[in-house]
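Novice: Have a look at the structure that comes next, please.
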Amino acid sequence: MSESTLRIGLVLPDVMGTYGDGGNALILRQRARMRGLDAEIVELTLDDDVPDSLDVYTLGGAEDAAQRIATRHLAEHPGLQRAAEKGTPVLAICAAIQVLGHWYETSAGERVSGISMLDLTTSPQEVRAIGELITDPLLDGLTQPLSGFENHRGGTTLGQAAKPLGRVKHGVGNGGGEPVEGVVQGSVLATYMHGPLLARNPELADYLLAKATGTELAPLDLPQVDRLRRERLAAGR
Ligand code: GLN
18 MSESTLRIGL
28 VLPDVMGTYG
38 DGGNALILRQ
48 RARMRGLDAE
58 IVELTLDDDV
68 PDSLDVYTLG
78 GAEDAAQRIA
88 TRHLAEHPGL
98 QRAAEKGTPV
108 LAICAAIQVL
118 GHWYETSAGE
128 RVSGISMLDL
138 TTSPQEVRAI
148 GELITDPLLD
158 GLTQPLSGFE
168 NHRGGTTLGQ
178 AAKPLGRVKH
188 GVGNGGGEPV
198 EGVVQGSVLA
208 TYMHGPLLAR
218 NPELADYLLA
228 KATGTELAPL
238 DLPQVDRLRR
248 ERLAAGR
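Quick note on my numbering: the sequence shown kicks off at 18 and runs consecutively.
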């Protein structure tokens, strides 16, 4: 954390805010404040440059057309790329996985260049993946199963540098044959899970928060959060 306030970048909520993924920034802010830390959300819209100086960044899902506008903005304002190179944590949901990759094909079959922060490509799957998704995490430091709601036509194939975030227990995940879900590459975590993800997976929220603050965080005892986590896991079984 560079200053005394944790600064959470909510990237392009005006075009990548369709699926409620802005809730991930709210969860990070709330869990930081519950530890007595000052925290604020910095909304970066199409009217703004993308600074590389924030402590953590989140990006949400979007429909094909909106996703394309976001891709162009991020290519023209490469602050997110610089932040990730410095090791700043970035959380990318659904369409954002695709935008951060080398290229993606829209449902209409058009190929769009991404910003190549992640070593992956995305092509449309025959059937849209919609429904509850449950995975076992493959990331050191995570012990609890992850759950979310997937809703995507694109199927993502990982290259050598990109590792999956989880192994699919229920649902489709990245698609493309292998039962894996999400991406981990350097300081970037990406997943197809909406929910919002961090409301349903508090362990992952604190994982990101610990990276963003550079501190170990005391656990929070929040029975209602754990109840939601278990209820959503049960719904997907
Ligand atoms: N438009 C993309 C797809 O269908 C992403 C959708 C989303 O973000 N939920 O694959």
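Virtual Cβ for every residue (Gly too), placed ideally from N, Cα, C.
The structure presented is a predicted model; accordingly, all values stated were derived computationally and were not measured.
Shortest alpha-carbon distance to Leu163 belongs to which of Leu175, Ala101, Leu137, Gly190?
Specialist: On the sequence shown, position 146 is the one that residue 163 refers to. When only C-alpha atoms are compared, the closest one is Gly190.
Novice: Nearest-angstrom Cα distance between Ala257 and Pro240?
Specialist: Any answer about residue 257 is impossible in this case: the structure gives the chain only from 18 up to 254.
Novice: Within a Cβ cutoff of 7 Å, which residues of the same chain sit near Gln177, ignoring the five residues on either side of it in sequence?
Specialist: One-based indexing of the sequence shown puts residue 177 at position 160. Same-chain partners within the cutoff: Asp136.
Novice: Quick one: is Gly231 buried, meaning 16 or more other Cβ sit within 10 Å of its Cβ, or exposed?
Specialist: Sequence index remark: in the sequence shown, residue 231 carries index 214 (1-based). Gly231 is exposed by the Cβ-count criterion.
Novice: Would Asp243 pass as a contact of Leu234 if the rule is Cβ separation under 8 Å?
Specialist: Counting from 1 along the sequence shown, the entry for residue 243 is found at position 226. Counting from 1 along the sequence shown, the entry for residue 234 is found at position 217. Not closer than 8 Å, so no.
Novice: Could you check if Thr152 is buried or exposed, using at least 16 other CB atoms within 10 Å of its CB as the buried criterion?
Specialist: If you number the sequence shown from 1, residue 152 lands on position 135. Counting Cβ neighbours within 10 Å, Thr152 comes out buried, since at least 16 surround it.
Novice: Can you list, in chain order, the residues of its chain with a C-beta nearer than 6 Å to that of Gly253? Leave out the 5 residues immediately preceding and following it.
Specialist: On the sequence shown, residue 253 is found 236 positions in, with the first residue counted as 1. Once the five neighbours on either side are set aside, the close Cβ partners of Gly253 are Glu149, Ile151, Ser164, His187.
Novice: Where does Ala251 land, buried or exposed, given buried means 16+ other C-beta within 10 angstroms?
Specialist: Taking the first residue of the sequence shown as position 1, residue 251 is located at position 234. The residue in question, Ala251, is exposed, as its Cβ has fewer than 16 Cβ neighbours within 10 Å.
Novice: With a cut-off of 8 Å, do at least 3 Cβ pairs link the region 191-198 to the region 101-109?
Specialist: Segments in contact, no.
Novice: If you draw a straight line from the C-alpha of Ala229 to the C-alpha of Gly183, how long is it?
Specialist: One-based indexing of the sequence shown puts residue 229 at position 212. One-based indexing of the sequence shown puts residue 183 at position 166. Distance between the alpha carbons of Ala229 and Gly183 is about 21 Å.
Novice: With respect to 7 Å, is the separation between the Cβ of Gly171 and the closest non-hydrogen atom of the ligand GLN below this value?
Specialist: Your numbering for residue 171 matches position 154 in the sequence shown. Because some heavy atom of the ligand GLN lies under 7 Å away, the Cβ of Gly171 counts as near it: yes.
Novice: Any heavy atom of the ligand GLN closer than 7 Å to the beta-carbon of Asp257?
Specialist: In the structure as shown, the chain begins at 18 and stops at 254. Residue 257 is therefore absent and cannot be evaluated.
Novice: Could you tell me how far apart the beta carbons of Met33 and Gly96 are, in whole angstroms, since I believe they sit closer than 8 Å?
Specialist: For the purposes of this step, residue 33 is taken as the residue at position 16 of the sequence shown. For the purposes of this step, residue 96 is taken as the residue at position 79 of the sequence shown. Contact flag wrong, Cβ pair sits at about 16 Å.
Novice: Taking the CB atoms as reference points, tell me whether Val28 and Leu63 lie closer together than 8 Å.
Specialist: Numbered from 1 along the sequence shown, position 11 holds the residue referred to as residue 28. Numbered from 1 along the sequence shown, position 46 holds the residue referred to as residue 63. No, Cβ-Cβ distance for Val28 and Leu63 is not below 8 Å.
Novice: Are His119 and Ser140 close, meaning C-beta to C-beta below 8 Å?
Specialist: The count along the sequence shown starts at 1 and reaches residue 119 at position 102. The count along the sequence shown starts at 1 and reaches residue 140 at position 123. No, they are not a contact pair.
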